[in-house]
Amino acid sequence: MWHCAATQEKERKNIFSLCYNRSFPQWKPFPATSKILFLLHCCLRTLQFFFKHCFCSCASENQDDGEEDKLLCACENTKGTCTNGTCRGDYCFYTWVKGKEERGCFSRKHYREQCSGSFRGFFVQCCTEDKCNAILTPPPDISQYPNVIVLQYLCGIALNYSASNLNDIFDEFCTSGSGTGLPYLVQRTMARQISLVECVGKGRYGEVWRGTWMGESVAVKIFSSRDEQSWFRETEIYNTVQLRHENILGFIASDMTSKNSSTQLWLVTHFHELGSLYDFLQYSSLEPESCLRMCLSVACGLVHLHTEIVSSQEKPAIAHRDLKSRNILVKRNGQCCIADLGLAVIHCQTEDYLDMGNNPRVGTKRYMAPEVLDETIRVDVFESYKQTDIWALGLVFWEITRRTIVNGIVEDYRPPFFDLVPSDPSFEEMKKVVCVDQQRPSLHNRLHSHPILSTIVKIMKECWYQNPTARLTALRVKKTLSKLDVESDFGVEKLKRDI
45 MWHCAATQEK
55 ERKNIFSLCY
65 NRSFPQWKPF
75 PATSKILFLL
85 HCCLRTLQFF
95 FKHCFCSCAS
105 ENQDDGEEDK
115 LLCACENTKG
125 TCTNGTCRGD
135 YCFYTWVKGK
145 EERGCFSRKH
155 YREQCSGSFR
165 GFFVQCCTED
175 KCNAILTPPP
185 DISQYPNVIV
195 LQYLCGIALN
205 YSASNLNDIF
215 DEFCTSGSGT
225 GLPYLVQRTM
235 ARQISLVECV
245 GKGRYGEVWR
255 GTWMGESVAV
265 KIFSSRDEQS
275 WFRETEIYNT
285 VQLRHENILG
295 FIASDMTSKN
305 SSTQLWLVTH
315 FHELGSLYDF
325 LQYSSLEPES
335 CLRMCLSVAC
345 GLVHLHTEIV
355 SSQEKPAIAH
365 RDLKSRNILV
375 KRNGQCCIAD
385 LGLAVIHCQT
395 EDYLDMGNNP
405 RVGTKRYMAP
415 EVLDETIRVD
425 VFESYKQTDI
435 WALGLVFWEI
445 TRRTIVNGIV
455 EDYRPPFFDL
465 VPSDPSFEEM
475 KKVVCVDQQR
485 PSLHNRLHSH
495 PILSTIVKIM
505 KECWYQNPTA
515 RLTALRVKKT
525 LSKLDVESDF
535 GVEKLKRDI
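Its first residue numbered 45, the sequence shown is counted upward by one per residue in my numbering.
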């Protein structure tokens, strides 16, 4: 029997909204000129959903060293979890996806979601003996599942909806008059329920306001209509399945509203009163332990973005492409969360696509990696974008460590390369400093005298290698800082604010 994620209540409510599911960027909604064509399109997308989610592909996880009581499983996959062709876990698995085989292991808690069934083009089997997955192979009739019958059945249900239901489905996805269809999680009444209180920031995209909704403070990012692509892209990214994480800015809703005869595009998120990391560092100095917690939280958020999750509710890998202190917010517990995903790139290895979006914006020149500045970046390779994020991560760490007190010494806040380029550097000015002269931000001697700061300095230097393939991965940065965090025996405290 198939175990379908679509049977969950949330998926049942949104089954036709799959027309806007990010997982299939090459599909575009039919124009509003034909309700029947639109509904048929939704039907086909729904079928894609069933084929995609009525099984669970097994992704092996890293196992703790020394777990001798676990099963020893054959391991052949692209997740980097194998050791000498084996791994240890509670279950062994074998998968066959469109002719590609993988083997590995996972923990007991993931059994239900990972071993749920197979259908055309996909086969999964789990077992519970040492290396039992080494001899597993797909059955000879794996390609014979009757998906045409399923298609007819689903489309029959769709076409037998009452006229009122057809209108409801269509109206939910009709365009706003701006020429772009709304993503499926748009909350169309949100703007009418929010009271804007004060403007807390401005940028090239528009403004950020603090608002109140249902008695709680929320952040409202207001885009002008000319920045519709940025708004749409960020909404699309935030609606990604399993994106929610404590170190990623919490998304609430998107909406369109009209003010003074002009269209406003709203993005509503959690509100963090301490503001951006850039603003926070202007008036706050940190203890080394607080610096560590901030750096670790940013690394954790970036790891979550960069990691593809393969399961019944898969999450694609995401590269930020505009990581900087202005796009990171500070939470009351001293941790940070990453925001502004308008330039993000999506990559799904299982579907083999790279989604660049359609946003004419470019990243911030001050934080651009050498390969971006000299235009040698491999734009068709997703790893290239992850490596540019790591370069920017090192610069963010530099900003944080500069405001960290060591031996009673702390420096004023300055942006990266403040002593080498003007306040608004040109592309060519940054290229000369970073690519031609190969200069890096200067590091104060005091940082080398503290065990926490000296480790972070080492990480920064390894994030700034000229050769992008030599840079650390986000996961390696996270693991190094996590180990340091445990050794420092530091509890989470509210950060001191020196105003």
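Positions of the beta carbon are idealized from the N, C-alpha and C atoms, including for glycine. Quick caveat: nothing in here was measured; it's all calculated off a predicted structure.
- Its Cα nearest to that of residue 166, the residue 355 stands out among 304, 355, 475.
- The alpha-carbon separation between residue 330 and residue 447 amounts to approximately 6 angstroms.
- In terms of Cβ geometry, residue 264 and residue 255 form a close pair [threshold 7 angstroms].
- Excluding five sequence positions before and after residue 487, the CB atoms of its chain that fall closer than 7 angstroms to its own CB belong to 501, given in chain order.
- Taking every protein chain shown into account, the CB of residue 388 has 16 or more other CB atoms within 10 angstroms, so this residue is buried.
- Beta-bridge analysis with DSSP links residue 300 to 309.
- Taking C-beta atoms under 8 angstroms as the contact rule, residue 120 and residue 147 qualify, at a distance of about 5 angstroms.
- Shown here for residue 149: same chain residues with a beta carbon closer than 6 angstroms to its own, the five before and five after excluded, namely 104, 117, 131, 133, 136 in chain order.
- A distance below 7 angstroms separates the beta carbons of residue 352 and residue 393.
- Between residue 465 and residue 369, the C-beta spacing is not below 7 angstroms.
- Taking a contact as a CB-CB distance under 8 angstroms, the pair residue 288 and residue 386 does not count as one, their CB atoms being some 18 angstroms apart.
- Rounded to the nearest angstrom, the Cβ distance from residue 296 to residue 313 is 6 angstroms, consistent with a contact under 8 angstroms.
- Every alpha helix (DSSP H) stretch that sits fully inside the stretch 359-440 and reaches 4 residues is listed by chain position as 414-417.
- Under the three-state reduction of DSSP output, residue 476 falls in the helix class.
- The alpha-carbon of residue 476 is positioned some 57 angstroms away from that of residue 176.
- For the options 384, 373, 357, the alpha carbon positioned closest to that of residue 364 is the one of 384.
- The secondary-structure analysis by DSSP pairs residue 251 across a beta bridge with 246, 266.
- Remark: C-beta atoms of residue 492 and residue 450 do not approach each other more closely than 7 angstroms.
- Taking a 10 Å sphere around the C-beta of residue 471, we find fewer than 16 other C-beta atoms and assign the residue as exposed.
- Counting of Cβ neighbours within 10 angstroms places residue 514 among the exposed residues, the total staying below 16.
- When DSSP states are grouped into helix, strand and coil, residue 288 belongs to the coil group.
- The three-state reading of DSSP puts residue 144 in strand, counting E and B together.
- Listed in chain order, the beta strand (DSSP E) elements of length 3 or more contained wholly in the stretch 454-535 amount to none.
- Inclusion of residue 453 and residue 490 in the CB contact set at 7 angstroms is warranted, their separation being smaller than that value.
- For residue 344, no beta strand (DSSP E) run applies; the uninterrupted alpha helix (DSSP H) run containing it begins and ends at 332-350, by DSSP.
- Here residue 320 is bridged, per DSSP, to 373.
- Between residue 347 and residue 522 a beta carbon distance of about 5 angstroms is seen, short of the 8 angstroms cut, so the two are scored as contacting.
- Residue nearest to residue 274 within the set 302, 261, 527, 310 is 310 (criterion: CA-CA distance).
- A direct Cα-to-Cα measurement between residue 173 and residue 518 gives close to 34 angstroms.
- If you draw a straight line from the Cα of residue 438 to the Cα of residue 252, it is about 27 angstroms long.
- Around residue 247, the same chain offers 370 as residues with beta carbons nearer than 8 angstroms, after the five sequence neighbours per side are excluded.
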